[in-house]
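Inspection log for the structure reproduced underneath, given as structure tokens.
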Amino acid sequence: MRILLLGSGGREHAFSWKIAQSSMLDELFIAPGNAGTRLHGKNVPIDPLNFEEIKSFVLENEIEMVLVGPEEPLVNGIANYFQEDTQLKKIPVIGPNKTAAQLEGSKDFAKQFMQRHHIPTAKYGSFTKETLGEGLRFLDNMKSPYVLKADGLAAGKGVLILSDLNEAKAELTTILTEDKFGKAGEKVVIEQFLKGIELSVFIITDGDSYKLLPEAKDYKRIGEGDSGLNTGGMGAISPVPFADAGFMDKIQNQIIIPTIKGLKHDGIDYKGFIFFGLINVKGDPYVIEYNCRMGDPETEVVMPRLKSDLLDLLEGVATNTLSERDIQFVDKSAATIMMVSGGYPEKYEKGKQIYGLNTVSESIVFHAGTTSDGPTVLTSGGRVLAVTSLGKTLDIALERSYNSIQGIEFQNAYYRKDIGFDVK
Ligand code: AMP
Ligand code: GLY
Numbered sequence: 006m007r008i009l010l011l012g013s014g015g016r017e018h019a020f021s022w023k024i025a026q027s028s029m030l031d032e033l034f035i036a037p038g039n040a041g042t043r044l045h046g047k048n049v050p051i052d053p054l055n056f057e058e059i060k061s062f063v064l065e066n067e068i069e070m071v072l073v074g075p076e077e078p079l080v081n082g083i084a085n086y087f088q089e090d091t092q093l094k095k096i097p098v099i100g101p102n103k104t105a106a107q108l109e110g111s112k113d114f115a116k117q118f119m120q121r122h123h124i125p126t127a128k129y130g131s132f133t134k135e136t137l138g139e140g141l142r143f144l145d146n147m148k149s150p151y152v153l154k155a156d157g158l159a160a161g162k163g164v165l166i167l168s169d170l171n172e173a174k175a176e177l178t179t180i181l182t183e184d185k186f187g188k189a190g191e192k193v194v195i196e197q198f199l200k201g202i203e204l205s206v207f208i209i210t211d212g213d214s215y216k217l218l219p220e221a222k223d224y225k226r227i228g229e230g231d232s233g234l235n236t237g238g239m240g241a242i243s244p245v246p247f248a249d250a251g252f253m254d255k256i257q258n259q260i261i262i263p264t265i266k267g268l269k270h271d272g273i274d275y276k277g278f279i280f281f282g283l284i285n286v287k288g289d290p291y292v293i294e295y296n297c298r299m300g301d302p303e304t305e306v307v308m309p310r311l312k313s314d315l316l317d318l319l320e321g322v323a324t325n326t327l328s329e330r331d332i333q334f335v336d337k338s339a340a341t342i343m344m345v346s347g348g349y350p351e352k353y354e355k356g357k358q359i360y361g362l363n364t365v366s367e368s369i370v371f372h373a374g375t376t377s378d379g380p381t382v383l384t385s386g387g388r389v390l391a392v393t394s395l396g397k398t399l400d401i402a403l404e405r406s407y408n409s410i411q412g413i414e415f416q417n418a419y420y421r422k423d424i425g426f427d428v429k
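First residue of the sequence shown? That's 6 in the working numbering, and the numbers climb one at a time after it.
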């Protein structure tokens, strides 16, 4: 198969690493990719949001399948673009169409969907500029802390959790009347705060059947002990020790199966990954959010734990034969530690040379924000490298990643030293 993978982060490096191992692969292209993905395929300088350029590339290079890494092309309708084009419509896009991607693209859509299909989630109200007064009264009747969510995609910054009622009211007013999040903030979801421990659960589906992938836990805050600002993710582990068989059964029965049935019932054809952002509230799972793609850095622990051929599964999605495919996991723990640029998630510098990548023998270094200048690898983002290891136990996997990091260097590198601290 000739594959085009869209995206440029750690998730895409992990996908390309896994795809490169497939006996079904003829050639892999990554648009635009990074200094890591070029080890497994050919990087092509195309913006994943430029559908016309993607079309030309796909036709010229006889691409047979497109795997979409990030959410934005999906929410913008890349799957529809292919379906509606006579030259492209036979080429499968792995990722949901524009309507289905609303599960991530609109918090209000996702909440209505969950309510309609009785999927456990926090109680909520949804408000616009016109109903600001109702929104303020709704806050009066909620308990602190207050959770405000911009409806649309806001690059991970659209969720505010505030303890003070007046501050929550002021923020609601600002978002709805002053364009704080642009179009994404034309509607705001106000939600009950749920207290518990979070985990990420993933499936791949062809719209009829699904396969559960290894679950993971992501560490979102910049500081140790889960303190400080939110980031794209500072590390991840898989499996998640508290996600035992009983809890995973509840997730399948109360959340995953109702989601698949709900999509079918609503006439929404979903093909691709679904990422369930869940929280364990006293032993019961609730949905915090849906994403229409894999997680990052979760993919960096999920792919190494997938024993089966990813392309075989993706072909199952494309041809509606997923139920006939086999999925097996590696019976080991995986941990990834994110090395980030000093200053991230606020201001940071790019273009720092990365040294010591060739010293790593016990881990896989997935590139997240890197670029290359000939043989030299430079930082090009906040999250730079995801250092992943497998081990018989979580402790062994973590120790391997932390050891590997000792050999890698770039100016002002930072990483959390406590990944996995809360589940050990
Ligand atoms: P989201 O973008 O929806 O994933 O929200 C970002 C983060 O905010 C989540 O990972 C949670 O840590 C937190 N969060 C979102 N909704 C809630 C909620 N209802 N209760 C508690 N925490 C929440
Ligand atoms: N790790 C969280 C995300 O990918 O959204």
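Just so it is clear, CB atoms sit at the ideal spot from N, CA and C, and this is done for glycine as well.
Cβ-Cβ distance between residue i and residue j below 8 Å
i: Ile96; j: Phe87; result: yes
i: Lys216; j: Leu327; result: yes
i: Glu191; j: Asp156; result: yes
i: Ala339; j: Ile424; result: no
i: Leu362; j: Val370; result: yes
i: Lys255; j: Pro219; result: no
i: Gln333; j: Phe415; result: no
i: Tyr275; j: Pro101; result: yes
i: Arg16; j: Asp213; result: no
i: Glu303; j: Ala248; result: no
i: Ala175; j: Leu153; result: no
Residue range of the alpha helix (DSSP H) that includes residue i
i: Pro263; result: 262–270
i: Glu245; result: A small correction: the amino acid at residue 245 is Val; Glu does not occupy that position in the sequence shown. From DSSP, Val245 is part of no alpha helix (DSSP H); its letter is neither H nor E.
i: Ala250; result: 250–255
i: Val63; result: 56–65
i: Val322; result: 315–323
i: Phe20; result: 15–24
i: Val306; result: 304–307
Those residues which DSSP pairs with residue i across a bridge
i: Glu89; result: Paired residues: none, contrary to the question.
i: Phe132; result: Val193
i: Phe278; result: Ile209
i: Asn285; result: Ile202, Pro290
Burial state of residue i, where buried means 16 or more other Cβ atoms lie within 10 Å
i: Asn146; result: exposed
i: Ile59; result: buried
i: Leu315; result: buried
i: Ser21; result: buried
i: Leu54; result: exposed
i: Ser409; result: buried
i: Ile262; result: exposed
i: Lys128; result: exposed
i: His123; result: exposed
i: Thr364; result: exposed
i: Leu44; result: exposed
i: Lys148; result: exposed
i: Lys112; result: buried
i: His372; result: buried
i: Gly321; result: buried
i: His270; result: exposed
i: Lys422; result: exposed
i: Ala250; result: exposed
i: Glu305; result: buried
i: Pro309; result: buried
Residue i (DSSP reduced to helix, strand or coil)
i: Gln358; result: strand
i: Leu108; result: helix
i: Ser406; result: helix
i: Asp336; result: coil
i: Pro290; result: strand
i: Gly233; result: strand
i: Val49; result: coil
i: Arg142; result: helix
i: Asn102; result: coil
i: Phe415; result: coil
i: Gly396; result: strand
i: Ile401; result: helix
i: Lys188; result: helix
i: Ser377; result: strand
i: Ser328; result: helix
i: Lys222; result: strand
Bounding residues of the beta strand (DSSP E) (the contiguous stretch that carries residue i)
i: Arg7; result: 7–12
i: Leu217; result: 215–217
i: Pro37; result: 32–37
i: Ile180; result: That residue, Ile180, is in no beta strand (DSSP E); its alpha helix (DSSP H) goes 170–183.
i: Val152; result: 151–155
i: Val80; result: Premise fails: Val80 lies in the alpha helix (DSSP H), 76–80, not in any beta strand (DSSP E).
i: Thr364; result: Run containing Thr364: none; DSSP gives neither H nor E here.
i: Met299; result: From DSSP, Met299 is part of no beta strand (DSSP E); its letter is neither H nor E.
i: Ile369; result: 369–372
i: Arg226; result: 226–228
i: Leu158; result: That residue, Leu158, is in no beta strand (DSSP E); it is neither H nor E in DSSP.
i: Met70; result: 70–73
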